[in-house]
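Undergrad: Under our numbering, residues 2 to 807 are what the sequence shown spells out, in order. The structure that follows is given in the form of structure tokens.
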Amino acid sequence: MIEMSGQYNWWIVLLSLIIAVFASYSALDLAGRVAYAKGIRKWIWVVGGAGTMGIGIWSMHFIGMLAFSMQMPMTYNIPLVFLSIGAAFLGSLIALVAIGGKQLSIRRLIVATIFMSGAIIAMHYIGMEAMEMVEITYNPWLLSLSALIAIVASFGALKLSFTLSRPKKIRHIILLKLGSASVMGMAIAGMHYVGLEAATFYMAQYHKPIMNGLDTSALSIVIAIGTLCVQTILIFGIVTERKFIKQETELKGNDYRLRSLLTYSIDAILTLTVDGRIRSLNPAGEALFQVKRNQLSRIDPIDFFGEKELERVREYFLTVHKTRQAVSFNTSIVTLDKEVSELNVTFVPIYLNEKLDRIYAMTKDITRQQKAERQTHQMAYYDALTSLPNRRSFVEHLEGHLKSDQHADLAVMMLDLDRFKVINDALGHNTGDLFLCAVAERLASVVSPYGFLSRLGGDEFVIVLNGVKDIYPDALANQIIEAFEKPFRVGSHDLSTSASIGIAVTPADGSDVESLMKRADIAMYSAKGRNRQKYQFYSTAMGQKSESRLVEESSLRTALLNQEFILHYQPQVKCEDGALSGVEALVRWQVNEGELRYPGDFISLAEETGLIVELGSQVLDMACEQAKKWSDQGHSLRVSVNLSPKQFQSDELITTVKETLDRYKLDPALLELEVTESMTMENSTRSSWMITSLRDLGVSISIDDFGTGHSSLSYLKDFSINQVKIDKSFIDELTQNVKSDQITSAIIAMSKQLKLHVIAEGVETVEQAEFLSQKGCDSIQGYYYSKPVPSNQIEENYFMIDQAPA
């Protein structure tokens with residue numbers, strides 16, 4: 002035999018390598034479809050992948066054979082050619098079936114590797130045997146190497162194919178697939194060319210007619226065109242199928258999301274036909290409407306909505322048809338168990354091919370939300386105690402009327418209860434609240450037919466009377482006053498009160514809320530001072546008086562800040578020998594250029610504004626400072642200071658007295674505090690504790706205006722006092738009124754029995770002084786001896802006498 006030699010066409014070698022890679026990529030990508038395809042589709046991809054792999058390996062083989070040219074033209078045995086193709090297809094088919102499950106075990110991977118590598122080896126060497134007119138011998142080592150290459154390449158390619166086909170996100174997946182296909186393509190090509198190198202060709206001694214074989218040139222053209230067509234078709238199929246799968250997956254995903262939305266939505270969702278029939282409803286809808294899906298055909302919407310509300314819902318439904326847009330509205334239903342639910346419904350139209358297909362009714366149960374909103378509105382605009390409109394509601398109501406064109410005759414009536422504080426303090430806040438509720442109810446019965454009633458707070462109410470067509474403000478005020486003549490039954494108490502009403506009208510008294518409220522308030526306080534007619538219209542004079550009062554209050558505050566107050570002292574003289582026993586400190590307001598204003602001009606204003614506490618503290622400080630100066634000069638003179646009711650009720654009084662005494666290092670015995678009976682009657686227990694605490698500091702306590710209160714004898718028994726001061730009203734009638742003489746004598750006698758010091762104030766005549774001295778009164782105070790004078794005159798009139806030589 003004659004050995005034959007050949008050489009390679011490297012361009013065709015490169016072409017065979019490209020075809021191998023191209024075929025491997027197509028085959029492996031098709032194989033990936035098998036992992037998650039089902040039914041007939043799975044077998045289509047198995048057969049397609051096996052065919053692609055078989056044709057790719059076979060075409061690469063024969064194009065590679067074409068690249069190896071020998072000295073004579075080559076022909077091939079046709080049955081063996083088809084047998085090699087069949088071997089490649091069958092091995093690939095079994096391998097793809099082996100790795101086509103959800104999980105790849107090592108056993109299945111080995112089986113697939115054996116058949117895939119066997120397909121490659123069988124195809125190659127059967128194809129080699131198809132060559133006619135040559136005899137081939139093989140190098141066993143290179144033959145084994147080619148088989149090993151086929152096995153390793155098949156194992157790696159199949160493993161990568163399975164891994165990359167999993168439905169998970171891997172970055173650069175295309176590059177990984179190309180890498181896998183390149184490895185397998187080069188391995189197949191490497192196995193082929195190693196196999197060629199393992200072969201030695203000899204010219205056969207016999208000769209067969211060439212007509213029974215195929216010309217290699219024609220075969221190479223057919224193989225190249227066929228391979229490219231098949232691969233192109235298969236790749237196109239892969240891309241197209243992948244798009245279909247993606248679309249199908251998206252459709253399934255959307256369908257699943259929609260079903261999940263319907264199933265798990267907390268809101269009821271109803272699917273309606275275009276004519277308004279309920280087609281389906283989700284579980285939340287079944288719970289809301291308390292019906293099952295199988296009951297839909299028997300449900301009549303009128304059972305839930307009622308005729309009137311159903312007609313309203315239909316109008317919204319028709320609006321969706323007309324506007325082709327979603328529409329939202331609130332409605333209410335009565336469920337089958339007669340529970341009322343408030344709903345927010347949104348009709349959403351669904352169109353297919355520009356034609357209305359169905360309408361979704363997205364239904365949200367807003368019963369709790371609406372209830373919470375009503376409660377919030379109630380809290381914001383209504384009084385929690387009486388349920389009447391509150392200040393905010395009143396202001397908005399009045400502003401609305403003032404902005405309208407019909408406010409020419411509008412009236413604002415401010416109303417305040419008399420004696421409410423007494424009732425509240427005496428019977429407690431619970432009774433006071435019940436009393437206010439009873440008042441509000443009676444007021445509403447009188448006012449509601451004519452106007453708007455509101456509670457501002459405390460015991461203040463306000464009425465807006467819009468127009469006088471039905472009733473005039475004074476007529477309504479008289480009806481209210483008349484309604485208050487009947488007592489209010491609160492628990493076990495019959496409580497009586499009266500109302501003071503101030504009236505302001507537009508446009509004369511103002512055209513805005515603030516002006517009308519202010520002037521109605523001024524008129525109300527003016528009405529409080531009237532004994533009979535308890536209502537009052539605002540007038541300019543009232544406004545001027547109110548403004549004047551504001552100026553006075555401002556001046557009083559400035560005077561306290563600038564310490565414009567001074568003290569005058571009225572001597573208290575002993576009846577026994579006419580010696581000075583003490584002085585009473587009386588405050589004066591020293592205004593510009595030394596002019597003095599007396600307590601009657603400013604004490605009541607100080608009490609009403611609460612400035613009396615600060616004023617009292619300044620008086621106490623000045624009195625202690627003066628007492629200390631006199632003490633340091635050798636004159637231990639007791640100074641008496643009057644306490645106001647608010648001072649006495651203050652929790653800071655004891656601390657203030659102690660700190661003042663400590664500041665001036667004053668002997669407490671030189672300070673006397675005067676309190677009245679009335680200021681201590683509100684809480685006798687606390688008053689007794691307060692007086693005892695003051696006594697414990699070492700100061701003296703004097704009862705001023707004694708005999709004018711309701712519990713004079715109780716004072717003498719229950720309170721730790723040092724001195725009784727007989728009121729001026731008894732002194733004025735001494736020697737003229739027998740009863741005044743007897744009462745005064747009795748007070749002096751009782752005080753003596755209780756070892757209390759007695760002093761009479763307001764003594765102006767010698768007859769009064771002699772009477773008191775005869776009855777045993779200890780001291781006298783009044784104009785008979787001296788008016789209140791500055792401290793220097795006390796020193797000149799009394800201390801100089803004490804220091805004069807005998």
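The beta carbon of each residue, even a glycine, is placed where N, CA and C say it ideally should be.
(1) Helix, strand or coil: which one does DSSP assign to Arg-325?
(2) Please identify the residue among Phe-489, Leu-179 and Asn-479 whose C-alpha is closest to the C-alpha of Gly-503.
(3) Could you give the C-beta distance for Leu-1 and Ile-334, rounded to a whole number, given that I count them as a contact under 8 Å?
(4) Can you tell me which of the three DSSP states Met-363 falls into?
(5) Would you call Lys-209 buried or exposed, if buried means 16 or more other Cβ atoms sit within 10 Å of its Cβ?
(6) Under a Cβ-count criterion, where at least 16 other Cβ atoms within 10 Å of its own Cβ denotes burial, should Asn-425 be classed as buried or exposed?
(7) Look at the Cβ atom of Ile-189, then the Cβ atom of Ala-151, and state whether they are nearer than 9 Å.
(8) For a quick check, are the C-beta atoms of Val-759 and Gln-571 less than 9 Å apart?
(9) Kindly indicate which residue of Thr-274, Glu-483, Ile-267 and Ser-774 has the alpha-carbon position closest to the one of Leu-289.
(10) Give the single residue among Gly-459, Ala-445 and Ala-580 whose Cα lies nearest to the Cα of Asp-434.
(11) Mind reading off the beta-carbon distance from Leu-159 to Ala-113? Whole number of angstroms is fine, and I expect it under 8 Å.
(12) Would you kindly report the start and end of the unbroken alpha helix (DSSP H) that includes Gly-119?
(13) According to the neighbour-count rule (16 or more other Cβ atoms, all chains shown, within 10 Å of its Cβ), is Glu-374 buried or exposed?
(14) Can you look up Phe-485 in the DSSP assignment and give me helix, strand or coil?
(15) Using the Cβ count rule (16 or more neighbours within 10 Å means buried), how would you classify Gln-769?
(16) Just mark Asp-360 as buried or exposed, buried being the case when its beta carbon has 16 or more other beta carbons within 10 Å.
(17) Would you say Ser-499 and Ala-524 are within 9 Å of each other, going by their C-beta atoms?
(18) To the nearest angstrom, how far is it from the Cα of Val-552 to the Cα of Leu-561?
(19) Just the C-alpha distance for Glu-249 and Met-380, rounded to the nearest angstrom, thanks.
(20) Helix, strand or coil for Thr-766, going by three-state DSSP, please let me know.
(21) Pop quiz: Arg-810 and Ile-567 are said to be a contact at Cβ under 8 Å. What is the actual Cβ separation, rounded to whole angstroms?
(22) I'd like the list of long-range same chain contacts for Gly-783, defined as Cβ closer than 7 Å, with 5 residues on each side in sequence excluded.
(23) With distances taken Cα to Cα, identify the nearest neighbour of Ser-155 among Ser-118, Gly-180, Asp-719 and Val-463.
(24) Tyr-570 bridges to which residues according to DSSP?
(25) If we require 4 or more residues per run, which alpha helix (DSSP H) segments fall completely within the stretch 620-678?
(26) What first and last residue would you give for the beta strand (DSSP E) that runs through Lys-756?
(27) In this structure, what does DSSP give as the bridge partners for Gly-458?
(28) Check whether the stretch 680-696 touches the stretch 734-745, taking contact to mean three or more Cβ pairs, one atom from each stretch, closer than 8 Å.
(29) Measure the Cβ-Cβ separation of Val-346 and Thr-324 and say whether it is below 9 Å.
(30) Flag this pair as touching only if the stretch 92-99 and the stretch 130-145 have three or more C-beta atom pairs under 8 Å; answer yes or no.
(31) Quick one: what's got a C-beta closer than 8 Å to Cys-778's C-beta in the same chain, skipping five residues either side?
(32) Hey, is Gln-376 close to the ligand GTP, as in C-beta under 8 Å from one of its heavy atoms?
(33) In this structure, does DSSP put Met-192 in helix, strand or coil?
(34) Shortest alpha-carbon distance to Leu-597 belongs to which of Leu-587, Met-682 and Lys-253?
(35) Classify Tyr-526 as helix, strand or coil using the three-state DSSP reduction.
(36) Under 9 Å, do Ser-721 and Thr-657 count as touching if we go by C-beta distance?
TA: Inspection of the coordinates gives the following:
(1) Coil at Arg-325, not helix or strand.
(2) Asn-479
(3) The structure shown does not extend to residue 1, since the chain is modelled only from 2 through 807, so no value can be given for it.
(4) strand
(5) The predicted model places Lys-209 with a pLDDT of 48, which falls under 50 and marks its position as unreliable; any figure quoted below should be read in that light. Per the 10 Å Cβ criterion, exposed.
(6) Counting Cβ neighbours within 10 Å, Asn-425 comes out buried, since at least 16 surround it.
(7) Yes. Within cutoff.
(8) no
(9) Ile-267
(10) Gly-459
(11) Indeed, because the Cβ distance is near 5 Å, the residues count as touching under 8 Å.
(12) Looking at the DSSP string, the run of the alpha helix (DSSP H) that includes Gly-119 is 107-130.
(13) By the beta-carbon neighbour count (other beta carbons within 10 angstroms, threshold 16), Glu-374 is exposed.
(14) Correct three-state label for Phe-485: coil.
(15) buried
(16) In the sequence under discussion, the amino acid at residue 360 is Ile, which differs from the Asp named in the question. Counting Cβ neighbours within 10 Å, Ile-360 comes out buried, since at least 16 surround it.
(17) no
(18) If I take the Cα positions, the gap works out to 14 Å.
(19) 56 Å
(20) coil
(21) For the chain, the structure presents residues 2 to 807; residue 810 sits outside this window and is missing.
(22) Apart from sequence neighbours up to five positions away, the residues of its chain that approach Gly-783 with a beta-carbon distance below 7 Å are Glu-762, Gly-763, Val-764 and Glu-765, ordered along the chain.
(23) Ser-118
(24) Ala-586 and Val-790
(25) 646-650 and 654-665
(26) From DSSP, Lys-756 is part of no beta strand (DSSP E); its letter is neither H nor E.
(27) Glu-461
(28) no
(29) no
(30) no
(31) These residues qualify, in order along the chain: Cys-576, Ile-727, Ile-749, Val-759, Ile-760 and Ala-761.
(32) For the ligand GTP, the structure offers nothing, since it holds no ligand at all.
(33) helix
(34) It is Leu-587.
(35) helix
(36) no
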